[in-house]
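**Student:** For the sequence shown, the working numbering begins at 9 and goes up steadily by one.
Idealized CB from N, CA, C, for every residue including glycine.
These numbers come from a predicted model, not from an experiment.
One structure follows; several queries about it will come next.
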Amino acid sequence: MDVARLKALDTCLLSDALDALGLPGATTGILPLPARGRPVAGRAVTVKGG
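Now the structure itself:
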């Protein structure tokens with residue numbers, strides 16, 4: 009994926025493209041895990057869904 013090209017695109021354009029493809033513009037159905045008294049932190053990883 010060419011991140012530099014994506015950065016140059018307008019957010020509205022990306023949203024419209026996702027709508028046209030029938031894809032959600034946000035991740036849904038994700039619920040937080042209980043922290044159980046501990047802070048939760050770590051690395052973030054981008055994943056491809058679908």
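If you run the structure through DSSP and keep just helix, strand and coil, what is Ala-52?
**Tutor:** coil
**Student:** Among Thr-19, Asp-27 and Leu-31, which residue has its Cα nearest to the Cα of Lys-56?
**Tutor:** Leu-31
**Student:** Can you check the region 14-48 for any alpha helix (DSSP H) of at least 4 residues that lies completely inside it and give the ranges in chain order?
**Tutor:** Qualifying alpha helix (DSSP H) stretches, in chain order: 19-28.
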